[in-house]
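Engineer:
Protein chains in written order, with the numbering used here: chain A, 251 to 804; chain B, 562 to 658.
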């Protein structure tokens with residue numbers, strides 16, 4: 251039961267700032283908004299601060315007193331822009347590279363301890379695509395957990411912040427063209443509520459559950475993209491989905507687990523060839539994730555799988571830097587000190603997302619977005635360990651700027667609209683089956699290697715899935731019903747997948763993570779895909795990136 | 562192969578017989594029960610990699626992570642699952658956070 255200090259009238263709860271999602275971005279937003287003096291309500295559809303993809307994040311890229319002597323914001327900025335393949339928004343990238351040292355300093359003041367090397371200095375490690383070593387670690391490669399622990403403690407100690415676990419957002423609520431709150435369901439009691447807020451921050455993470463094999467938690471069902479779209483916000487470059495190139499394929503119990511030390515291990519195909527000598531002779535396995543994913547997917551597609559990773563030569567470094575991964579594999583029967591492990595790509599990160607400006611503000615009034623749910627920073631390829639950096643920097647920006655909003659209005663929202671998710675239904679398809687159908691389509695046609703005909707087929711199949719979603723079988727409506735949760739999530743997944751497929755179909759070139767066989771090269775003109783909803787219809791338009799927009803000089 | 566599973570659901574105990582491969586984790590077993598035997602079973606999980614700890618429950622009498630623990634029967638022939646004894650249980654195996 252929610253214990254809340256503000257007014258609760260007829261299931262309407264009022265707050266200044268509503269934060270949806272409690273990973274590193276959401277918790278940061280909440281803490282910074284509360285520091286400005288605002289009342290904050292932070293929701294999570296699972297256990298607060300324990301259910302996002304931040305949990306599994308291994309390291310964080312950053313700058314500070316500890317940096318490599320040659321490192322500085324402009325060098326970091328250029329790495330991000332190079333990696334973004336022309337689609338990174340330089341104004342967002344500049345903010346990240348300029349503000350990460352400040353945000354890291356603050357979270358360290360709040361208790362985060364960075365891992366140290368033997369000489370008592372902060373341990374800096376190299377990650378593919380960063381030209382200088384700037385990856386930092388906490389809790390020995392469990393950096394996301396360390397950050398969440400620090401932020402959770404900070405948030406729960408602050409009496410301006412109310413936390414609420416196990417409550418899922420179904421819709422954002424608007425007045426004219428402004429978001430004024432959200433319609434949610436408390437899964438522990440099946441009670442619908444309307445939340446009235448002066449500003450709302452989406453921080454629900456990504457959508458990697460659109461694919462059957464993923465590094466992400468089960469909660470990554472694209473809720474924020476669907477909510478943003480429904481509220482009228484623009485989604486940018488949704489076709490840009492990062493696959494973590496080297497993830498565990500077997501044993502099945504840890505399938506999808508990222509192998510963070512691939513860049514200094516060796517990859518082999520079934521013929522025993524170290525295949526990266528063919529795809530990236532200069533960098534070999536130390537290639538950016540888009541290049542490596544396409545190479546691995548090509549090997550598998552052309553029948554040279556299964557692929558393996560051999561870390562036996564570097565096992566001491568692995569044990570020192572990534573003890574959790576080493577131990578997990580050992581516990582599941584693979585001792586990396588003695589044997590290779592079978593690997594394959596796993597869906598990992600959405601580079602696209604809700605379009606934001608420098609203030610983490612969407613193009614709908616009152617709606618802010620932070621972390622993976624936002625789009626534009628990483629463009630066509632996110633550099634390793636930039637996800638947590640984005641969460642800290644843009645979580646803070648979202649929290650601070652959302653605090654300036656003062657307009658408030660009691661939502662006129664008919665909560666009976668949510669009853670459809672809470673009542674038994676005698677249709678044909680269980681909600682989890684809809685999720686699996688979406689995963690099958692995405693896996694078959696919208697994975698690493700795409701074709702135009704495949705994407706056309708995906709569009710057709712998505713239409714069919716949309717109809718099945720209107721014909722649901724739902725038998726369990728008790729409290730904390732997995733069927734209810736799956737039904738709402740399937741609805742969010744469907745809207746998100748639809749945006750991805752349309753955006754992929756529109757990009758007739760291969761750029762960043764989007765590789766399409768018929769158009770293997772870059773087009774000269776760099777275009778953003780903008781996907782949005784107007785008068786009940788989804789629309790997509792392309793917007794050219796001005797050449798000067800993609801350089802750090804601008 | 563089949564596996565006999567007993568789940569303590571507070572007022573009742575439910576029993577299931579599921580198809581069993583020996584590389585299944587306890588979480589795989591629960592997912593199988595939800596999909597093919599009993600849509601009303603309630604359990605919590607997130608990361609599947611032993612980090613978030615939200616899938617913790619009593620497995621054959623001992624607290625463990627259901628995403629990492631191999632599904633095996635104990636001496637009585639059953640895999641027995643129950644919620645952690647500490648804290649409030651929302652339903653079945655789910656603890657309040």
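Ideal Cβ placement from N, Cα and C applies to all residues, glycine included.
Can you give the Cα-Cα distance for residue 485 (chain A) and residue 720 (chain A), rounded to whole angstroms?
Structural biologist: Numbered from its first residue, the first chain carries residue 485 (chain A) at position 235. Numbered from its first residue, the first chain carries residue 720 (chain A) at position 470. Roughly 25 Å separates the two Cα atoms.
Engineer: Among all the DSSP beta bridges, which residues are the ones paired with residue 582 (chain B)?
Structural biologist: Locating residue 582 (chain B) in the second chain gives position 21, where the first residue counts as 1. Residue 582 (chain B) pairs with nothing; no bridge assigned.
Engineer: Quick one: residues in its chain with C-beta nearer than 8 Å to the C-beta of residue 640 (chain B), no 5 flanking neighbours on either side, listed in chain order?
Structural biologist: By one-based count along the second chain, residue 640 (chain B) stands at place 79. Within the same chain, residue 640 (chain B) has close Cβ partners 564, 565, 566, 567, 587, 590, 620, 621, 632, 633, 634.
Engineer: Using the Cβ count rule (16 or more neighbours within 10 Å means buried), how would you classify residue 668 (chain A)?
Structural biologist: Stepping through the first chain from its first residue, residue 668 (chain A) is reached at position 418. Buried is the call here.
Engineer: Unbroken beta strand (DSSP E) runs of length 3 or more, entirely within the segment 286–371 of chain A: which are they?
Structural biologist: Correct list: 290–293.
Engineer: Since residue 415 (chain A) meets chain B, which of its residues come closer than 9 Å, beta carbon to beta carbon?
Structural biologist: Stepping through the first chain from its first residue, residue 415 (chain A) is reached at position 165. Chain B residues near residue 415 (chain A): 657, 658.
Engineer: In chain order, what are the residue ranges of uninterrupted beta strand (DSSP E) at least 3 long that sit wholly in the segment 488–524 of chain A?
Structural biologist: Here the runs fully enclosed are 491–498, 516–518.
Engineer: Apart from the five residues on each side of it in sequence, which residues of its chain come closer than 7 Å, Cβ to Cβ, to residue 707 (chain A)?
Structural biologist: Residue numbering aside, residue 707 (chain A) sits at position 457 when the first chain is read from its first letter. Around residue 707 (chain A): 695.
Engineer: Name the one or two DSSP bridge partners that residue 559 (chain A) has.
Structural biologist: Numbered from 1 along the first chain, position 309 holds the residue referred to as residue 559 (chain A). DSSP, once it has assigned bridges, lists A:517, A:591 as partnering residue 559 (chain A).
Engineer: Check the Cβ-Cβ distances between residue 577 (chain B) and every residue of chain A, and say whether any is below 9 Å.
Structural biologist: One-based indexing of the second chain puts residue 577 (chain B) at position 16. Taking Cβ atoms only, chain A never reaches closer than 9 Å to residue 577 (chain B), which makes this a no.
Engineer: Taking buried to mean at least 16 other C-beta atoms within 10 Å of its own C-beta, is residue 624 (chain B) buried or exposed?
Structural biologist: Walking along the second chain from the start, residue 624 (chain B) turns up at place 63. Burial call: exposed.
Engineer: Is there at least one Cβ from chain A nearer than 9 Å to residue 631 (chain B)'s Cβ?
Structural biologist: Indexing the second chain from 1 puts residue 631 (chain B) at position 70. Yes - at least one Cβ of chain A is within 9 Å of the one on residue 631 (chain B).
Engineer: If we define contact as Cβ-Cβ less than 9 Å, is residue 258 (chain A) a contact residue for chain B?
Structural biologist: For the purposes of this step, residue 258 (chain A) is taken as the residue at position 8 of the first chain. Bear in mind that the predicted position of residue 258 (chain A) carries a pLDDT of just 49, short of 50, making it unreliable; the figure below should be weighed with that in mind. False, the Cβ-Cβ gap to chain B never drops below 9 Å.
Engineer: What residues from the segment 666–682 of chain A come within 9 Å of chain B, judged by C-beta to C-beta, listed N to C?
Structural biologist: Against chain B - using a Cβ distance shorter than 9 Å - the residues of the segment 666–682 of chain A are 680, 682.
Engineer: Counting only beta-carbon atoms, is residue 363 (chain A) nearer than 9 Å to chain B?
Structural biologist: Residue 363 (chain A) sits at position 113 when you count from the first residue of the first chain. Answer no: the Cβ-Cβ gap between residue 363 (chain A) and chain B never drops below 9 Å.
Engineer: Report the neighbours of residue 651 (chain B) on chain A: residues whose CB is nearer than 8 Å to its CB, in chain order.
Structural biologist: Taking the first residue of the second chain as 1, we reach residue 651 (chain B) at position 90. Here the neighbours are 416, 438, 729, 730.
Engineer: Going by the CB atoms, is the gap between residue 333 (chain A) and residue 796 (chain A) shorter than 9 Å?
Structural biologist: For the purposes of this step, residue 796 (chain A) is taken as residue 546 along the first chain, with counting starting at 1. For the purposes of this step, residue 333 (chain A) is taken as residue 83 along the first chain, with counting starting at 1. For residue 796 (chain A) and residue 333 (chain A), no; Cβs fall outside 9 Å.
Engineer: Is residue 602 (chain A) near residue 788 (chain A), with beta carbons less than 9 Å apart?
Structural biologist: Looking up residue 602 (chain A) in the first chain gives position 352. Looking up residue 788 (chain A) in the first chain gives position 538. Their beta carbons are not under 9 Å apart, which means residue 602 (chain A) does not touch residue 788 (chain A) by this criterion.
Engineer: Residues of the segment 468–495 of chain A in Cβ contact with chain B at a cutoff of 9 Å, in chain order, please.
Structural biologist: Residues passing the 9 Å Cβ filter: 468, 469.
Engineer: Near residue 777 (chain A), what residues of its chain come up, given a Cβ to Cβ distance below 8 Å and the 5 sequence neighbours on each side ignored?
Structural biologist: To locate residue 777 (chain A), count along the first chain from 1; it is residue 527. So the qualifying residues of the chain are 757, 792, 793, 794, 795.
Engineer: Could you check what DSSP says for residue 197 (chain A) in three-state terms: helix, strand or coil?
Structural biologist: Beyond the ends of chain A as shown, which are 251 and 804, falls residue 197 (chain A); an answer cannot be given.
Engineer: Residues in its own chain within less than 8 Å of residue 583 (chain A) by CB, not counting five upstream and five downstream?
Structural biologist: For this step, residue 583 (chain A) is matched to residue 333 along the first chain. Correct list, in chain order: 501.
Engineer: Return yes when the Cβ of residue 609 (chain B) is within less than 9 Å of the Cβ of residue 656 (chain B), no when it is not.
Structural biologist: The residue labelled residue 656 (chain B) in the question sits at position 95 within the second chain. The residue labelled residue 609 (chain B) in the question sits at position 48 within the second chain. Going by C-beta atoms, residue 656 (chain B) is not nearer than 9 Å to residue 609 (chain B).
Engineer: Once you ignore the five residues that flank residue 595 (chain A) on each side, which residues in its own chain have a CB closer than 7 Å to its CB?
Structural biologist: By one-based count along the first chain, residue 595 (chain A) stands at place 345. If we look at residue 595 (chain A) and ignore the five residues flanking it on each side, its Cβ neighbours are 493, 494, 495, 497, 543, 546, 547, 698.
Engineer: Measuring only the C-alpha atoms, how far is residue 753 (chain A) from residue 744 (chain A)?
Structural biologist: As a first step, residue 753 (chain A) is located in the first chain; it is residue number 503 there, counting from the start. As a first step, residue 744 (chain A) is located in the first chain; it is residue number 494 there, counting from the start. So the two alpha carbons sit approximately 14 Å from each other.
Engineer: Going along the chain, which residues of the segment 598–618 of chain B sit with their C-beta nearer than 9 Å to a C-beta in chain A?
Structural biologist: Listed by position along the chain: 599, 600, 601, 602, 603, 604, 605, 606, 607, 608, 609, 610, 611, 612, 613, 614, 615.
Engineer: Roughly how far, in whole angstroms, is the beta-carbon of residue 422 (chain A) from the beta-carbon of residue 480 (chain A), given that I think they are within contact range, below 8 Å?
Structural biologist: In the first chain, counting from the first residue as 1, residue 422 (chain A) sits at position 172. In the first chain, counting from the first residue as 1, residue 480 (chain A) sits at position 230. At roughly 6 Å, the Cβ-Cβ gap stays under 8 Å, so residue 422 (chain A) and residue 480 (chain A) are in contact.
Engineer: In whole angstroms, what separates the C-alpha of residue 338 (chain A) from that of residue 326 (chain A)?
Structural biologist: What you label residue 338 (chain A) is simply residue 88 of the first chain in a count that begins at 1. What you label residue 326 (chain A) is simply residue 76 of the first chain in a count that begins at 1. Taking the straight line from one Cα to the other gives about 13 Å.
Engineer: Looking at chain A, is there any beta carbon in it that lies within less than 9 Å of the beta carbon of residue 584 (chain B)?
Structural biologist: By 1-based counting over the second chain, the position of residue 584 (chain B) is 23. True, the Cβ-Cβ gap to chain A drops below 9 Å.
Engineer: Measure the C-alpha to C-alpha separation of residue 579 (chain B) and residue 770 (chain A) and round it to an integer number of angstroms.
Structural biologist: On the second chain, residue 579 (chain B) is found 18 positions in, with the first residue counted as 1. On the first chain, residue 770 (chain A) is found 520 positions in, with the first residue counted as 1. Spanning the two alpha carbons is a distance of roughly 47 Å.
Engineer: Please report whether the beta-carbon of residue 726 (chain A) lies at a distance below 9 Å from any beta-carbon of chain B.
Structural biologist: The count along the first chain starts at 1 and reaches residue 726 (chain A) at position 476. True, the Cβ-Cβ gap to chain B drops below 9 Å.
Engineer: What residues in the segment 371–401 of chain A have a beta carbon less than 7 Å from any beta carbon of chain B?
Structural biologist: Cβ contacts with chain B come from 392, 395.
Engineer: Which residues mark the beginning and the end of the alpha helix (DSSP H) in which residue 681 (chain A) is found?
Structural biologist: Position 431 of the first chain holds residue 681 (chain A). Looking at the DSSP string, the run of the alpha helix (DSSP H) that includes residue 681 (chain A) is 681–695.
Engineer: Measure how close the beta-carbons of residue 451 (chain A) and residue 279 (chain A) come, nearest whole angstrom, since I'm counting them as under 8 Å.
Structural biologist: If you number the first chain from 1, residue 451 (chain A) lands on position 201. If you number the first chain from 1, residue 279 (chain A) lands on position 29. 5 Å between Cβ atoms; contact.
Engineer: How about residue 255 (chain A): is its C-beta nearer than 9 Å to some C-beta of chain B?
Structural biologist: In the first chain, residue 255 (chain A) corresponds to position 5, counting from 1. Because the pLDDT at residue 255 (chain A) is just 44, under 50, the model does not fix this residue reliably, and the point stays unresolved.
Engineer: Can you give the Cα-Cα distance for residue 407 (chain A) and residue 395 (chain A), rounded to whole angstroms?
Structural biologist: Position 157 of the first chain, counted from the first residue, corresponds to residue 407 (chain A). Position 145 of the first chain, counted from the first residue, corresponds to residue 395 (chain A). Between residue 407 (chain A) and residue 395 (chain A), the C-alpha separation is close to 18 Å.
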